[in-house]
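Q: Residues 443 to 871 (the numbering used here) make up the sequence shown, in order.
Let me begin by handing over the structure; questions about it come next.
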Amino acid sequence: MNVLKFSDKDFAARLDQLAATSSLFDPAVEERASGIIAAVRERGDAALLELTERFDGAQLSAEQLAVSQAEFFSASLAADDSLRAAVTEAEKNIATFAKKSLRKDWSARNSHGAVVGEKFDGFGRVGIYIPGGTAPLVSTALMTITLARVAGCREIAVCTPPGRDGSVNPALLFAARTAGATEIYKAGGAQAIAALALGTATIRPVQKVFGPGNAYVVAAKRLLVGHVAIDLLPGPSEVLVLADDSANPKFIAADLLAQAEHGSGHERVWLVTTSAKILKATKREIARQLPKLARREFIAKALANNGWLIQVKSLADGIALVNRLAPEHCELMIRQQQQAVEQITTAGALFLGAWSPTVLGDYVAGPSHTLPTGGAGRSFAGLTVEQFQRRTSVVDYSRPALKKALRSVQKFAELEGLDAHGKSAAIRL
Numbered sequence: 443m444n445v446l447k448f449s450d451k452d453f454a455a456r457l458d459q460l461a462a463t464s465s466l467f468d469p470a471v472e473e474r475a476s477g478i479i480a481a482v483r484e485r486g487d488a489a490l491l492e493l494t495e496r497f498d499g500a501q502l503s504a505e506q507l508a509v510s511q512a513e514f515f516s517a518s519l520a521a522d523d524s525l526r527a528a529v530t531e532a533e534k535n536i537a538t539f540a541k542k543s544l545r546k547d548w549s550a551r552n553s554h555g556a557v558v559g560e561k562f563d564g565f566g567r568v569g570i571y572i573p574g575g576t577a578p579l580v581s582t583a584l585m586t587i588t589l590a591r592v593a594g595c596r597e598i599a600v601c602t603p604p605g606r607d608g609s610v611n612p613a614l615l616f617a618a619r620t621a622g623a624t625e626i627y628k629a630g631g632a633q634a635i636a637a638l639a640l641g642t643a644t645i646r647p648v649q650k651v652f653g654p655g656n657a658y659v660v661a662a663k664r665l666l667v668g669h670v671a672i673d674l675l676p677g678p679s680e681v682l683v684l685a686d687d688s689a690n691p692k693f694i695a696a697d698l699l700a701q702a703e704h705g706s707g708h709e710r711v712w713l714v715t716t717s718a719k720i721l722k723a724t725k726r727e728i729a730r731q732l733p734k735l736a737r738r739e740f741i742a743k744a745l746a747n748n749g750w751l752i753q754v755k756s757l758a759d760g761i762a763l764v765n766r767l768a769p770e771h772c773e774l775m776i777r778q779q780q781q782a783v784e785q786i787t788t789a790g791a792l793f794l795g796a797w798s799p800t801v802l803g804d805y806v807a808g809p810s811h812t813l814p815t816g817g818a819g820r821s822f823a824g825l826t827v828e829q830f831q832r833r834t835s836v837v838d839y840s841r842p843a844l845k846k847a848l849r850s851v852q853k854f855a856e857l858e859g860l861d862a863h864g865k866s867a868a869i870r871l
């Protein structure tokens, strides 16, 4: 891992480099994603099937794109008691958290005595992308699909890449159906995003697309804004641990290693501490724990590329650095937790104390783990149930209320040179 201390002569300059947000948008990736989108737009299912064979190695027919009822039934039979218990526990906490976050209809009377308010409805049809990669992201299915169901979305179309044999991981299928998916398709990458946004003969278009993915998925989502709404553009996982001398180096090391194991090699992990002793002890713990982990090669690559142990002069400097980096996950292993909670304004999620590792947020705590990365937390928040709802304002005037409003309406119409606006109100009185 890389080590940086406030006593280093180039400390400030290296922090500037570290905090500089790298572009999420690689022109070469966007060009290829654009070509994929064009192919799906022009040739629909045929392009989707060709691209699935090219990128995933699966030869499918159009009839095999949708997961069948037999496949769902088989996945349910394959789910053992431990999987059922874990999925049920996580889904319950996610749904409970989401229900607390739901925006509720409201109404009130304005100064004219008219009733005004808002109503909130789930999108009629949403698309959710669940990445493939080196492991089935069962938790991502729960963290997205559950929110759509709680929001009242009637149709929840899921796309996920198939294996080379054309199958979808049964645990993923079980979790997705449990969470509320109404249909699942064997399609991945930019081509899946294009199919959800534009539609094909098999996959009807959706109103909004959700879910994380690789650089091509992110590029496709960005390019298709306007055709479809999107949630956010999450990249590789990140965690920052803010620690003082009360922290446990074993816990710090374990949490950094956990977020570095996803497999892209671009994960970013930071320890920011006021204690030289904690920094050194954490470095030793990483060296001790890493060789025992199954995905140590993936982790070692991520740590070499984007793993940092940083000593700052004060807690205030540490908090300031957190706000500059805007990490996806931020763990607070410090005495003054409440102060930090109040002052940290850009982290995707905060985890307080020694007993709240980020992995709880990844799987079972309740809040969705789809969070902004790459510094995007400075401008964007993580995925919530509200993003699966659309807002409609409601205005209900009586004749007396309209009469009270008329003078102001006519004045605004006069100022803006829109006489028909004024007459539209006056003609009623």
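Here a beta-carbon is modelled for each residue, glycine too, at the ideal position from N, C-alpha and C.
1. Taking the alpha-carbon of Thr826 as reference, which of Asp686, Leu584, Arg526 has the nearest alpha-carbon?
2. From Tyr839, Glu680, Gly655, Leu682, pick the residue whose C-alpha is nearest to that of Ile672; which is it?
3. If you pair each beta-carbon of the segment 552-559 with each one of the segment 637-648, do three or more pairs fall below 8 Å?
4. What residues are listed by DSSP as bridge partners for Cys601?
5. Let me check understanding here. Comparing Cα to Cα, which of Asp450, Gln459, Lys546, Ala613 lies closest to Asn748?
6. Rounded to whole angstroms, what is the Cα-Cα separation between Glu492 and Gly705?
7. Taking the alpha-carbon positions, what's the Arg737 to Pro578 distance?
8. By DSSP's criteria, Asp563 is part of a beta bridge. Which residues make up the other side?
9. By a C-beta neighbour count over all protein chains shown, 10 Å radius and 16 as the cutoff for buried, is Lys719 buried or exposed?
10. May I ask you to list the residues that DSSP assigns as paired with Gln753?
11. Let me know the secondary structure DSSP gives Asp861 once reduced to three states.
12. Going by C-alpha distance, which of Ala527, Val580, Leu544, Gly486 is nearest Gln633?
13. Three Cβ pairs or more, each shorter than 8 Å: is that satisfied between the segment 842-861 and the segment 680-700?
14. Please report the distance separating the alpha-carbon of Asp523 from that of Thr530.
15. Count the other CB atoms, across all protein chains shown, that sit within 10 Å of the CB of Trp797; report buried if there are 16 or more and exposed otherwise.
16. Ala508 by DSSP, collapsed to three states: which one?
17. Could you tell me whether the segment 646-655 touches the segment 755-763, using the rule of 3 or more Cβ pairs below 8 Å?
18. First and last residue of the alpha helix (DSSP H) that includes Phe740?
19. If we ignore side chains and look at the alpha-carbon of each, how far apart do Pro603 and Arg496 end up?
20. Taking Cβ positions, are Ala791 and Leu813 nearer each other than 8 Å?
21. Drop a sphere of 10 angstroms on the beta-carbon of Pro842, count the other beta-carbons inside from all chains shown, and report buried for 16 or more, exposed for fewer.
22. Can you tell which of Arg483, Cys601, Ser543 has the C-alpha that lies nearest to the C-alpha of Ala593?
23. By the 10 Å Cβ neighbour count, where 16 or more other Cβ atoms means buried, how is Gly795 classified, buried or exposed?
24. Between Ala621 and Glu533, is the Cβ-Cβ spacing less than 8 Å?
25. Please determine, among Lys561, Ala521, Ala540, Gly630, the residue with the shortest C-alpha to C-alpha distance to Ile587.
26. For Phe793, report the span of its beta strand (DSSP E) as first-last.
27. Arg545: which of Gln829, Leu857, Ala868 sits nearest, CA to CA?
28. To which residues of the same chain is Gly808 closer than 6 Å at the C-beta, ignoring the five residues directly before and after it?
29. Contact criterion: CB-CB distance below 8 Å. Does Gln701 meet it with respect to chain D?
30. Measure the CB-CB distance between Ala695 and Ile728 and report whether it falls below 8 Å.
31. Considering only their Cβ atoms, is the gap separating Met775 from Val837 smaller than 8 Å?
32. Just how far apart, CA to CA, sit Gly824 and Leu674?
33. Whole angstroms is fine: what's the gap from Ile479's alpha carbon to Asn552's?
34. Kindly indicate the opening and closing residues of the beta strand (DSSP E) around Val651.
35. Going by beta-carbon coordinates alone, are Val681 and Pro769 separated by less than 8 Å?
36. Return the CA-CA distance between Asp547 and Ala455, expressed in angstroms with no decimal places.
A: With the structure as the only source:
1. For the residues Asp686, Leu584, Arg526, the minimum Cα distance to Thr826 belongs to Leu584.
2. The closest CA to that of Ile672, considering only Tyr839, Glu680, Gly655, Leu682, is found on Gly655.
3. Contact fails between the segment 552-559 and the segment 637-648, because fewer than three Cβ pairs, one in each stretch, are under 8 Å apart.
4. Note: Cys601 sits in a beta bridge opposite Tyr571, Tyr627.
5. Answer by Cα proximity: Gln459.
6. Going from the Cα of Glu492 to the Cα of Gly705 covers about 26 Å.
7. Going from the Cα of Arg737 to the Cα of Pro578 covers about 15 Å.
8. Among the bridge pairs identified by DSSP, Asp563 is matched with Arg832.
9. Around the beta carbon of Lys719, a 10 Å sphere encloses fewer than 16 other beta carbons of the protein chains shown; the residue is thus reported as exposed.
10. When DSSP reads this structure, Gln753 sits in a beta bridge with Lys447, Thr715.
11. If DSSP states are grouped into helix, strand and coil, Asp861 belongs with the helices.
12. The residue with the shortest Cα to Cα distance from Gln633 is Gly486.
13. In the pairwise beta carbon analysis, the segment 842-861 is classified as not touching the segment 680-700: fewer than three pairs are separated by under 8 Å.
14. The C-alpha of Thr530 is placed about 10 Å away from the C-alpha of Asp523.
15. Answer is exposed; the Cβ neighbour count stays below 16.
16. Of the three classes helix, strand and coil, the one that applies to Ala508 here is strand, per DSSP.
17. With the rule of 3 Cβ pairs closer than 8 Å, the segment 646-655 does not count as touching the segment 755-763.
18. Membership of Phe740 in the alpha helix (DSSP H) is indicated by the continuous run 738-748.
19. Distance between the alpha carbons of Pro603 and Arg496 is about 12 Å.
20. With respect to the 8 Å criterion, Ala791 and Leu813 are classified as neighbours on the basis of their beta carbons.
21. With fewer than 16 Cβ atoms within 10 Å of its Cβ, Pro842 is classed as exposed.
22. Scanning Arg483, Cys601, Ser543 for the CA closest to the CA of Ala593 turns up Ser543.
23. So Gly795 ends up on the exposed side.
24. Glu533 is positioned such that its CB atom lies closer than 8 Å to that of Ala621.
25. Among Lys561, Ala521, Ala540, Gly630, the Cα nearest to that of Ile587 belongs to Ala540.
26. According to the DSSP assignment, Phe793 belongs to the beta strand (DSSP E) that extends over 791-794.
27. It is Gln829 whose Cα lies nearest to the Cα of Arg545.
28. These residues qualify, in order along the chain: Asn535, Ile536, Phe539.
29. Absent from the structure is chain D; it holds one protein chain and no more.
30. Taking the C-beta atoms as reference points, Ile728 is found nearer than 8 Å to Ala695.
31. Not in contact: Val837 and Met775 (Cβ atoms no closer than 8 Å).
32. Going by the C-alpha atoms only, they are around 8 Å apart.
33. A direct Cα-to-Cα measurement between Ile479 and Asn552 gives close to 47 Å.
34. Bounds of the beta strand (DSSP E) holding Val651 are 650-652.
35. Going by C-beta atoms, Val681 is nearer than 8 Å to Pro769.
36. Asp547 and Ala455 have their alpha carbons spaced roughly 50 Å apart.
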